[in-house]
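In what follows, a single structure is set out as C-alpha cells and then discussed.
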Amino acid sequence: MTFTPGTKATEEFHAHESAPPRFWIFLFFFVSGATGLIYEVVWTRLLTLVMGNTHYSISTVLTAFMGGLALGSYVGGKVIDKRFNPLAAYAFLEAGIGFYCLIIPSLIDFAFPIFKWVYLNWGDSYTQASIIRFIVCVAILIIPATFMGATLPVLSKFVSRDEAHIGKDVGILYSINTFGAVFGAWASAFIFMRLWGVQSTIWVTALLNLAISAVIFLVFKPPLKGFINKELAIPLSSLDQKGKLILLSFGFSGMVALLYQIAWNRILSLLLGSSVYAFSLILTVFILGLALGTACFSRLLSRFDDLMKIYGITQITIGVASLLIIPLFGTIPFINRWVYENWGLQFEFIQITNFGIIFALLFIPTFFMGAQFPLVIKLMAQKMETLGREVGRIYACNTIGTIVGSFLAGFVLIPVLGMQFTLMSGVFLNILLGIAILMLGSRLSFNVKIYVLPVVLMFCILTAKSIGPWDTSVISSGSYMPYRIADLKEAELKKNKILFFKEGMHTTVTTELSVSGNIFLRVNGKTDASLALDMRTQLLSGYLPMLFHPDPKSALVIGQGSGITLGAVEQFPVDEITLVEISPAVIEGSRFFDPFNHHALDDKRVTVKLEDGRNHIALSDNTYDVIVSEPSNPWISGVGALFTVNFFELLKKRLNPGGLVCIWVHTNMSPDDFKSIVRSFSQEFPFVSMWESIAGDDYLLIGSEKEYSLSYEKALKYLLDETVGRDLHRIGINNTPDLLSLMIMSREKLLEFSALAPLHTDDNSLLEFNAPKYVYKDDRAVLVRQLTPFINLEPEFVDFSKTDTNIRVKVTEKLSKLERSESQIEDIKSKAKLERLLDQAMEAYNVGDISNALQSYQEILELDPDHVMAYYNMGNIFLELRLMDKAESAYRSTLEINPFYVFGSIGLARLHVFSGQPDKAIKVLRDTLTWYAGDQDVSLYMGLAYAFKKDTERAIQELKKSLEWDPVFPPAHYYLGVQYQSWNPELAKKHLQTFLKFVPLRPGYENLKPKAEKILKKL
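Count along the sequence shown from 1, then add 27; that gives the number in my numbering.
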C-alpha cells in the first residue's frame, strides 16, 4: 500500500501532524543527540573506574553501547511500521532513557562484585574476562542504548510526509540529531563535567530526556493508543543485488569510518596532547563533519539523477581526502611551535587553535562520510509503509560496521601495522568500495568504468607510495607542551637516537637517547621517565617508603616508567613484588634502562600485571606492606583517577597493618589543585609526611595508619650498602641528615596548608579538567611561595632507640641544624660544576685548545666516573689526533657504562672505518642492529665500510638507506656523490649539489665542502 497526499490512510497516519511543528521535533531530537553523546562519555568514565582505564575496557563499553544502538534501530523500525503514533512512541523512549539513566550508577555499583569476581578468577585470561565483562556491560547498557537507537526510525516515520522526500526528511532529521551530538561531545568536557561533576551531569542530562517526554505528552498530547493497520504490516521487500550492494557497502563504510576515527584519535592525541579537552575536540570535529555532510546532501538529493554514482564518488572522495591529509599530520608539531612563538599560550586560544587544526584536517573526509546517510536512505527507503524498518535496517547495518571497525583498529591494525598504515588500509578500502559501487551499481559509461576508475586507483597507489613515514622523532617530541619546543629542534636535527618506538594498543611509547647519555621514555609524547632530573624522584619513590617500614615483605609498584623505582624497591629483602603497568609497550621500552635500574624486570620476586593500577587496587584482594604509586601526569585523561580521595581510600584498604603508601605529586598545576591532592591524601591517612624530591617540582606524600619513623640503624645500613649507597650518592644523599633534609611537612602542617582546598573526588575530577590548563601556564613559583610558610623540618622523625648514646648526640646536633633540601642544594651545585666543566671542555675544543679540553674532561670523570659524554667526546678528540688506541678505549668505556649508548657504537665503527678495519666496523654495527632499529649514522658508516672494501653495490645500498632515515643527511649525499662519480656522473652531480645545499643547515660536515666542490668541477 502506498500513501499519496490527501488519502484517508495518509490523514490517519498524520493525525498528529497538526500538533507539534517540525521545529519542536528537531529541537527535541537535537537535545536527544546531545544527551546521547554525554551519556556515552559518562558511562565510559563510570565503567572504566571499575573495569580499568584500558583500551580493552573502553572498547567493551563502546561495543555494548553501539550494539544497543544497532538493536534499537532495527527493532524500533520494525515496531513503528505497525503503529501510527510515532510521537507518543518517541516520548515513551525519551522517558525510558531518562529514568533508566538515573539508575545506571547504581547498576554499576551493583555489578561491582561481578567485575571483582571476574578479575580474581579470570584476570590473566583476556578472552574469558572480556566476554564476561562484555555481557555485564550489555546487561547494564542494553536498555537505554536500545531506546536511543530506536528514536531515529521512530521519528523518521513522523517527519516523513511523502515518499518523494524520504531521503531529505530523514537526512535532515539525522543531521539535527548529529548536530546535537556535536554539542554533547564538546559540552561534556568543556561545560557539564567540568562545572558540575559526573553525578550532576547525569541528573541534568536525564532531566532533559524526561522534559522532552513531558512536553510532548502535556503540550502536544499525542494519542496514547497506537492505531494498528494490518494492511500496513507488510514485510520488507527482499533485497535485490543492488540493495545488497548498498547495505553491504554502507556496513563496510561504517567500519572504515571507525578505523579512521581511532587512528586519527591516536595520532592527534600524540600531537596535541592526551587531555580530556583534546579528546573532546577530536570527537567534536569528527561528528561535526558528519552532521554538515548529512545536512548538505539531504538538501541536494533532488539534484542527482544517478544516486549510485554519487554514492560511489563519496566513497572515493573520502579515501582520496584521507590519503592526502596523512603527510599533513607530520607538520602539526611545527604548527604548534609557530603558534606558541607567535600567538601566545592562553589555554582558551590554544583550544581554538587545536580545533582549527583538527577541523582543517578532518572536515572533507568526515563531510563525505556524513553525506552517505541521506544517499543510502533515498536509495533504500522507497515506501512510507516500510520506512521505519528500512531506516532501522540501514542504521543497524552501519552501526555493526562501526563495531567491527573499532575492534579491528584498536586490537589488530594499529598494534600490527601502526597508525599510518592503518589509515592507508582505510583509504584503499574506501577506494575499492567506491570503485565496486560505480562498477556494479551506477550508470557510468563503459569507457569510464574501464579507463577512468583504474586511473583513479593507480593515482592513489602512486600517491600512497610517495608518502614517506612520519618522522618518529618529530611526532613524539611532545610539541604540544611549550616547554618542550627545544626537543622539537633536536628532533629536526636528528640529534637523539630512537632506541624504541611502538604504537601499542593503549599508547605510543618512545625511548630516546641523547648524546649526553640521558635516556628518556615518552608516553604519547610526554616524558614520563629519564636518567636526568627525574632520577631523584624515581629513586626516592622506591627507597623512602622501604626505609620507613621496619620489615617489608611485600610491595606493589604502580607504573613502570624507567623501572628505576622498581629497582630501588628490589634492594630490600622483600618476598614478593607486584608491578602493575597499563601499557605493555612501556614494559618493552623500559628495557633500555636495565643498566641503571639493576635489571629490575629480571628479578624473580617480581610479578608483572598488565592492568590499570586503579583497577588492580579496587578489584584485587592482595594486601601489601608498601605501595608506591608513580603514574603519569594527572592532566592526562584518566590519570587523575589515581589522585582522588576515593583512590586513596582504596589504597588504605590494600595495606597490611603498619603498611605505607607513597605517591608522587608534581607542581605543574594550580596551587589549589595541588592543595586538593594534599588534603585528599592527608584526610585518608592519620600519619602523613611530605618530602621534597625536586624543590618546586616534585613532591612525595607518604601515608600510613600507624605512626612511622626512620630508623637510624636501618638508614645507616643501606647508605653503606654498595648498591643503595651508590644510587643515593648519585642524587646527593650521603648520610641520614641529607635524607631527612628532604622532609618538609607532617600531617598537621599539610592539613593547615590545604585547609581551604576542595577534596579531589571521582565525581568532580578536578585534576582532569583543571590540570591541562597548566601545560601552557606555570604557577610553580606561586605554589612554592604559598608552601614555604608551612615548611617545618622535624629532626625527631629519626628513631635512635637502638643507637649508641655518643652517636645519637652527634647526629642529633647535626639534625638540629638542618636546612630545607640541604642535600639537594649540594647535588645541584655538583651538577652545575659538571655542566661548567663540560662547557669549558667544549669551548676549548672549539677554539683548538685540545690540551685544556682533555684536562676538563678528566676533571669531569674525577667527579663522575660514569659521565658517558666525557668519554665520548674524548674518543672523538683522540680519533681526530689519530690516537686510535686511546679513542677505542674511550668509546668502549661509553659502552661499558651504557651498552645501549648508540653514539659509542657509531664512534667505534667510525674509528674502525678510518683506521682501515672495515670488517670490525661492520661487526660493531651489526651487533648494534640486533637491539637497535638503525638510523642515518649507522647506515652511513656501514656504507663507508663496504666502500672501503670496494663493494660499491653494498656501499650505495647502505648510503641510500641512510637517506631513507634522513633525506637531507649531508654526508650520505656526499659519499653517494663520491661512489657515483665514476659510472653515473649525473647522479653524482645531483647528490653533491644536494650536499652543498644542506650542509649549512647541518653543522659538522663543513670539512667535506671543499672536496665536494672539487669533484663537481671535474664532473
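Here a beta-carbon is modelled for each residue, glycine too, at the ideal position from N, C-alpha and C. Computed from a prediction, not measured in an experiment: that's the story for all the values here.
Short CB-CB distance (under 8 Å) between residue i and chain C
i, result
"Ala972", "No chain C is present in this structure, which holds just one protein chain."
Same chain, Cβ closer than 6 Å to residue i, neighbours up to 5 away in sequence not counted
i, result
"Gly339", "Gly461, Ile464, Leu465 and Ser469"
"Pro392", "Ile345, Ala348 and Ser349"
"Thr2", "Residue 2 lies beyond the stretch modelled for the chain, which goes from 28 to 1046, so this question has no answer here."
"Glu751", "According to the sequence shown, residue 751 is Val rather than Glu. Counting only Cβ-Cβ distances below 6 Å, and skipping sequence neighbours, we find Gln598 and Tyr745."
"Phe780", "Phe817"
"Tyr918", "Gly902, Gly931, Gly934 and Leu935"
Delimiting residues of the beta strand (DSSP E) encompassing residue i
i, result
"Asp555", "Lys553 to Ser557"
"Ile721", "Phe714 to Ile721"
"Glu539", "Thr535 to Leu540"
"Ser773", "Met770 to Ser773"
"Ile729", "Asp725 to Ser731"
"Phe528", "Lys524 to Glu530"
"Trp691", "Leu682 to His693"
"Ile141", "Ile141 -> not in any beta strand (DSSP E); alpha helix (DSSP H) instead, spanning Pro113 to Trp149."
Bounding residues of the alpha helix (DSSP H) (the contiguous stretch that carries residue i)
i, result
"Asp196", "Ile193 to Ala214"
"Glu375", "Phe374 to Met407"
"Thr87", "His82 to Ile107"
Of the listed residues the options, nearest to residue i (C-alpha basis)
i, options, result
"Gly428", "Gly320, Ala305 and Met282", "Met282"
"His82", "Ser157, Gly95, Tyr146 and Ile141", "Ser157"
"Leu682", "Leu484, Trp662, Arg835 and Glu711", "Glu711"
"Gly759", "Leu820, Leu743, Ile855 and Ala784", "Ile855"
"Leu74", "Ser703, Gly194, Trp1010 and Asp789", "Asp789"
"Glu719", "Asn425, Asn819 and Thr538", "Asn819"
"Arg293", "Asn551, Ala612 and Ser472", "Asn551"
"Thr537", "Ser617, Phe486 and Pro496", "Ser617"
"Ser828", "Leu737, Asn873, Ala722 and Asp893", "Leu737"
"Val209", "Leu64, Pro1027, Pro997 and Lys492", "Leu64"
"Ile488", "Phe455, Thr499 and Arg511", "Phe455"
"Phe324", "Ser589, Tyr651, His192 and Met562", "His192"
"Leu295", "Ile352, Ser703, Ser932 and Gly1031", "Ile352"
"Met573", "Thr62, Leu986, Ala518 and Pro600", "Pro600"
"Leu54", "Ile199, Cys164, Asp267 and Ile141", "Ile199"
"Gly961", "Asp978, Asp993, Lys977 and Ala974", "Asp993"
Cutoff 7 Å; reference residue i; Cβ partners in own chain excluding five residues on either side
i, result
"Leu810", "Thr694, Pro698 and Phe701"
"Lys1016", "Leu1043 and Leu1046"
"Phe623", "Leu558 and Ile591"
"Ala948", "Ala936, His939, Val940, Tyr968 and Ala972"
"Ile362", "Ile384"
"Tyr367", "Pro509 and Ile512"
C-alpha distance - residue i paired with residue j, whole-angstrom precision
i, j, result
"Ala36", "Ser329", "Model confidence at Ala36 stands at a pLDDT of 39, short of 50, so the residue's coordinates are unreliable and nothing is read from them."
"Ile494", "Thr554", "28 Å"
"Phe620", "Asp946", "30 Å"
"Val705", "Glu638", "26 Å"
"Gly60", "Gly207", "4 Å"
"Ala398", "Thr380", "26 Å"
"Ser84", "Val418", "30 Å"
"Leu1003", "Phe996", "11 Å"
"Phe1022", "Tyr1007", "14 Å"
"Gly371", "His533", "32 Å"
"Glu657", "Leu566", "11 Å"
"Ser543", "Asp514", "14 Å"
"Met772", "Ile309", "42 Å"
"Ala241", "Pro250", "14 Å"
"Leu406", "Ser792", "47 Å"
beta-carbon residue i near the ligand MG non-hydrogen atom, thresh 7 Å
i, result
"Pro481", "In the structure shown, the ligand MG is absent, as is every other ligand, since no ligand is present at all."
**Contact between the stretch 432–440 and the stretch 112–121 (3+ Cβ pairs under 8 Å)** = no
**Asked** At a cut of 8 Å, does the stretch 523–533 reach the stretch 496–515 through at least three beta carbon pairs?
**Response** yes
**Prompt:** Is the stretch 173–192 in contact with the stretch 122–129, if contact means three or more CB pairs nearer than 8 Å?
**Reply:** yes
**Prompt:** Touch check for the stretch 212–224 and the stretch 322–337: three-plus C-beta pairs under 8 Å?
**Reply:** no
**Request:** Please confirm if the stretch 298–307 is in contact with the stretch 444–455, defined as three or more CB-CB distances below 8 Å between the two stretches.
**Result:** no
**Prompt:** Is the stretch 605–617 touching the stretch 638–655 in the sense that three or more CB pairs, one from each, lie closer than 8 Å?
**Reply:** yes
**Prompt:** Quick one: any contact between the stretch 178–189 and the stretch 132–150, if contact means 3 or more CB pairs under 8 Å?
**Reply:** no
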